[in-house]
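These notes are about the structure you will find just below.
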Amino acid sequence: MAKIRREKKDSNGKYRKERLDRGIKARSDTIFALTSYREALYLVVPRAVTIIGLLILPLVLDIWWTKVMIMACVIAILALSWDFIASAGMLSLGQALFFGAGGYLAGVLNYYWGLSPLYTIPIATIAGATVCTLLFLPVLRLRGIYFAMVTFAMPLILVRIIEATRIWGGIEGLSALTPLPNLWVSAYLVIAAVFACLFGFRRLMDSDYGLVLRGMMDNDQAVMAGGINIYWYKAQTLFIGSAAGAFIGAFMTHYYRIVGTSAFSIDYSILPVACTVVGGPGNFAGAMFGAFILVPLCEYLRAIGSWRIVLYSFLMVIFVVAVPEGIFNYLERKYHQFEHWVKTG
Amino acid sequence: MKDDSFLKITGLSKSFGGVEALSNVSFDLKQGESLGIIGPNGSGKTTLVNLITGFVKPDSGKVFFRGKEITGKRPYTIANLGIARTFQMAKAFHHLPAFKNIIIPLRSPRVKTFRGAQYGERDDIAIDLLEEVGFERDSAVPLKTAKSLPHGYLKRLELARCMALRADVIILDELFSGMSMSEVASTLPIIEKLKEEGKTVVMIEHRLRELFRVVNCLIVLNFGQKIAEGSPAEVMGSEAVKAAYLGSEE
Numbered sequence: 084m085a086k087i088r089r090e091k092k093d094s095n096g097k098y099r100k101e102r103l104d105r106g107i108k109a110r111s112d113t114i115f116a117l118t119s120y121r122e123a124l125y126l127v128v129p130r131a132v133t134i135i136g137l138l139i140l141p142l143v144l145d146i147w148w149t150k151v152m153i154m155a156c157v158i159a160i161l162a163l164s165w166d167f168i169a170s171a172g173m174l175s176l177g178q179a180l181f182f183g184a185g186g187y188l189a190g191v192l193n194y195y196w197g198l199s200p201l202y203t204i205p206i207a208t209i210a211g212a213t214v215c216t217l218l219f220l221p222v223l224r225l226r227g228i229y230f231a232m233v234t235f236a237m238p239l240i241l242v243r244i245i246e247a248t249r250i251w252g253g254i255e256g257l258s259a260l261t262p263l264p265n266l267w268v269s270a271y272l273v274i275a276a277v278f279a280c281l282f283g284f285r286r287l288m289d290s291d292y293g294l295v296l297r298g299m300m301d302n303d304q305a306v307m308a309g310g311i312n313i314y315w316y317k318a319q320t321l322f323i324g325s326a327a328g329a330f331i332g333a334f335m336t337h338y339y340r341i342v343g344t345s346a347f348s349i350d351y352s353i354l355p356v357a358c359t360v361v362g363g364p365g366n367f368a369g370a371m372f373g374a375f376i377l378v379p380l381c382e383y384l385r386a387i388g389s390w391r392i393v394l395y396s397f398l399m400v401i402f403v404v405a406v407p408e409g410i411f412n413y414l415e416r417k418y419h420q421f422e423h424w425v426k427t428g
Numbered sequence: 012m013k014d015d016s017f018l019k020i021t022g023l024s025k026s027f028g029g030v031e032a033l034s035n036v037s038f039d040l041k042q043g044e045s046l047g048i049i050g051p052n053g054s055g056k057t058t059l060v061n062l063i064t065g066f067v068k069p070d071s072g073k074v075f076f077r078g079k080e081i082t083g084k085r086p087y088t089i090a091n092l093g094i095a096r097t098f099q100m101a102k103a104f105h106h107l108p109a110f111k112n113i114i115i116p117l118r119s120p121r122v123k124t125f126r127g128a129q130y131g132e133r134d135d136i137a138i139d140l141l142e143e144v145g146f147e148r149d150s151a152v153p154l155k156t157a158k159s160l161p162h163g164y165l166k167r168l169e170l171a172r173c174m175a176l177r178a179d180v181i182i183l184d185e186l187f188s189g190m191s192m193s194e195v196a197s198t199l200p201i202i203e204k205l206k207e208e209g210k211t212v213v214m215i216e217h218r219l220r221e222l223f224r225v226v227n228c229l230i231v232l233n234f235g236q237k238i239a240e241g242s243p244a245e246v247m248g249s250e251a252v253k254a255a256y257l258g259s260e261e
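If you read the sequences in order, they're chains Z and V. First residue of the first sequence? That's 84 in the numbering used here, and the numbers climb one at a time after it. First residue of the second sequence? That's 12 in the numbering used here, and the numbers climb one at a time after it.
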């Protein structure tokens with residue numbers, strides 16, 4: 084059990100430091116034996132703090148910080164979607180495609196047909212995900228960096244097409260769209276979406292279905308040797324992941340009341356990846372945690388003017404170098420361990 | 012085309028760039044027979060397996076299974092038809108516990124067609140299978156992460172994956188390489204049992220003594236060519252085989 088030992092001496096004798104894992108008996112990853120309320124709390128508290136904390140935030144923050152929180156939720160959902168697609172072994176640098184597809188579909192439905200957000204958001208979610216999945220179908224065979232490069236280029240191509248053909252308002256985009264009722268509705272809608280993605284994806288990855296996705300990340304060929312059509316599973320993964328991205332794109336269209344080519348901007352592709360790397364990939368909580376660090380930090384640094392980006396980038400490098408496993412993964416590991424001194428002589 | 016042969020290969024060839032990995036190899040296998048494939052390193056044994064199981068597409072030649080052509084079909088399609096393989100370099104899902112590795116083939120369309128395999132106790136089936144290939148249940152070996160297991164276990168995990176698919180043809184690509192003597196001794200009866208159950212076993216193997224206990228016919232490859240075919244005794248007496256392994260006297 085003890086992993087790392089350090090030693091110290093004082094007048095009473097020698098000590099060494101012993102690090103132990105927490106005493107919940109784990110039969111495997113998914114089977115625990117809870118023997119007391121304390122142990123139950125030990126598992127429940129971190130989850131409860133996240134849920135209750137986020138639900139309270141809009142009540143205690145002022146309007147400006149509530150907007151920052153909404154932005155953090157938006158990036159969190161894109162990061163969760165990225166992490167989900169990455170858990171199936173696909174490295175996407177094209178989250179902006181999902182975001183923009185959802186955004187434009189909602190904008191077009193609202194601008195030309197006057198549909199209310201009640202309809203545009205669900206339709207844009209499903210239709211956006213379908214479009215994105217179809218666009219990626221030809222490149223599902225590519226792996227690693229090659230897949231990443233194609234996904235990176237896809238939103239940039241769409242921007243050029245919109246600019247060249249001047250459809251959907253061209254460069255100016257579509258404006259004066261129907262707003263969401265008020266800030267409360269917006270705030271709690273994104274919070275609900277973040278929870279749905281976070282806990283939904285986690286549940287999915289723990290199921291036998293998620294097992295196939297995790298297998299694809301480890302080894303495509305062994306999954307195929309197991310008689311599983313990996314391209315069908317990859318397409319499903321992309322659909323689920325891009326549905327999350329398209330939903331939040333559609334949401335932002337109505338939240339900003341405008342949709343333009345900036346919906347396909349590189350920020351929406353890169354920032355989710357940065358959040359996941361800073362927070363820690365692989366367990367979704369890290370991706371969300373990263374978004375709730377980076378987005379508020381970026382806004383907070385606005386006060387220092389043009390040095391903002393320099394300091395922001397510098398901090399990001401520090402995060403990645405100092406805690407390469409991700410801040411959330413580090414905290415989780417520490418939470419499951421405790422240290423104490425043992426007398427040795 | 013109707014054919015009574017079970018697994019039949021005609022004139023299979025494959026080149027990688029300028030290197031001819033396999034040229035014009037044919038064989039014909041009846042159900043329940045077992046075939047050994049031997050040959051020096053680089054003679055095209057693994058390429059042959061890759062061509063049969065669809066991981067690599069042949070340049071020319073055809074593969075028939077149960078009288079139907081399966082040339083160039085996708086690996087998962089072929090696996091679902093009932094041809095399972097192991098990999099020479101064990102390809103486990105390293106982040107998953109060993110028994111979860113077996114859940115993946117248990118989710119395949121093929122397995123779902125068997126009675127009682129559609130729902131329920133996949134975990135139990137997986138752990139039973141692993142116990143069958145020698146994962147000690149009492150010391151919780153099936154629950155360990157694959158990356159923490161020794162090489163011999165990973166090779167047997169490959170075998171368990173083929174058994175999970177309930178394949179009719181099981182192709183073992185150097186299953187015994189990297190296994191200890193005792194592991195080989197305990198794995199051999201499993202393969203013999205599969206044979207008794209009527210499975211068709213194709214074995215690529217360098218350990219000839221163990222190979223000859225299982226197979227009743229043998230083909231020898233050298234530089235992508237089939238240089239001998241027949242019963243193990245016939246083949247090992249052939250001059251061409253001796254020349255390939257030991258070098259000819261000229």
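Glycine is no exception: its CB is placed at the ideal position from the N, C-alpha and C atoms. In this text the structure is predicted, and so the values were computed from the model without any measurement.
Secondary structure of residue i, DSSP reduced to three states
i	result
A85 (chain Z)	Because the pLDDT of A85 (chain Z) is 44, which lies under 50, any placement of that residue in the model is unreliable, and the number read from its coordinates should be weighed accordingly. In this structure, A85 (chain Z) counts as coil in the three-state DSSP scheme.
E80 (chain V)	strand
E208 (chain V)	coil
H423 (chain Z)	strand
Q304 (chain Z)	helix
M12 (chain V)	Because M12 (chain V) sits at a pLDDT of 47, beneath the cut-off of 50, its placement in the model cannot be relied upon, and the following sentence gives the value as read from the coordinates. Coil, per DSSP.
S45 (chain V)	strand
T124 (chain V)	coil
S71 (chain V)	strand
D184 (chain V)	strand
L284 (chain V)	Absent from the model: residue 284 (chain V). The displayed extent of chain V is 12 to 261, so no value can be given.
F104 (chain V)	coil
M53 (chain Z)	With chain Z covering 84 to 428 only, the question about residue 53 (chain Z) has no answer from this structure.
V406 (chain Z)	coil
S26 (chain V)	strand
V393 (chain Z)	helix
V144 (chain V)	coil
L176 (chain Z)	coil
C215 (chain Z)	helix
Where residue i meets chain V, residues with beta-carbon distance less than 9 Å
i	result
R249 (chain Z)	Ordered by position in chain V, no residue passes the 9 Å Cβ test against R249 (chain Z), which lies about 43 Å from the chain.
Within chain V, partners of residue i - CB distance below 7 Å
i	result
N193 (chain Z)	In chain order: nothing, as chain V lies at least about 41 Å away.
D291 (chain Z)	I114, R118, R133
Counterpart residues of residue i in DSSP-defined beta bridges
i	result
E90 (chain Z)	Z:R99
E240 (chain V)	V:I230
R220 (chain V)	According to DSSP, R220 (chain V) bridges with nothing at all.
F38 (chain V)	V:I20
A95 (chain V)	V:I181
T156 (chain V)	V:P108
V342 (chain Z)	Z:L257
For residue j and residue i, believed in contact at Cβ under 8 Å, the rounded distance
i	j	result
A101 (chain V)	N112 (chain V)	10 Å between Cβ atoms; not a contact.
K41 (chain V)	F17 (chain V)	5 Å
V378 (chain Z)	V151 (chain Z)	7 Å
T97 (chain V)	E169 (chain V)	4 Å
L398 (chain Z)	I387 (chain Z)	Their Cβ separation, rounded to whole angstroms, is 12 Å, which puts L398 (chain Z) and I387 (chain Z) out of contact at 8 Å.
L241 (chain Z)	F347 (chain Z)	6 Å
G172 (chain Z)	M300 (chain Z)	4 Å
I311 (chain Z)	I115 (chain V)	6 Å
Same chain only: Cβ atoms within 8 Å of residue i, ignoring 5 sequence neighbours per side
i	result
K210 (chain V)	G43, A178, D179, V180, I181
V225 (chain V)	S45, G47, L199, I202, E203, K206, V212, M214
E221 (chain V)	F187, V195, L199
T156 (chain V)	H105, H106, L107, P108, A109
Sequence-distant residues of the same chain with beta carbon closer than 6 Å to residue i, five excluded per side
i	result
L188 (chain Z)	A207, A210, G211
Y314 (chain Z)	L223
K158 (chain V)	H105
M12 (chain V)	Low per-residue confidence applies at M12 (chain V): pLDDT is 47, beneath 50, and the placement is therefore not dependable, though the value from the model is reported in the following sentence. Correct list: empty, nothing qualifies.
E31 (chain V)	G235
Partner residues on chain Z for residue i, Cβ-Cβ distance less than 8 Å
i	result
K102 (chain V)	N302, Q304, A305, A308
L107 (chain V)	L294, R297, G298, D301
L62 (chain V)	Result: empty, since nearest Cβ-Cβ is about 14 Å, beyond 8 Å.
Neighbour list for residue i in chain Z, Cβ cutoff strictly below 7 Å
i	result
K111 (chain V)	L294
Proximal chain Z residues relative to residue i, where beta-carbon distance stays under 9 Å
i	result
P263 (chain V)	As shown, chain V starts at 12 and ends at 261. That puts residue 263 (chain V) outside it, with no answer to give.
L59 (chain V)	In chain order: nothing, as chain Z lies at least about 16 Å away.
Chain-ordered chain V contacts of residue i [CB-CB under 8 Å]
i	result
S197 (chain Z)	Rather than Ser, the amino acid found at residue 197 (chain Z) in this sequence is Gly. Here the premise fails: no neighbours, minimum Cβ distance about 45 Å.
Residues of its chain near residue i, where Cβ-Cβ distance is below 7 Å and the 5 sequence neighbours each way are ignored
i	result
R85 (chain V)	G65
G328 (chain Z)	L161, S164, Q178, F181, F182, G185
I136 (chain V)	L117
Partner residues on chain B for residue i, Cβ-Cβ distance less than 8 Å
i	result
A137 (chain V)	Of the chains in the structure shown, none is chain B; the protein chains are Z and V.
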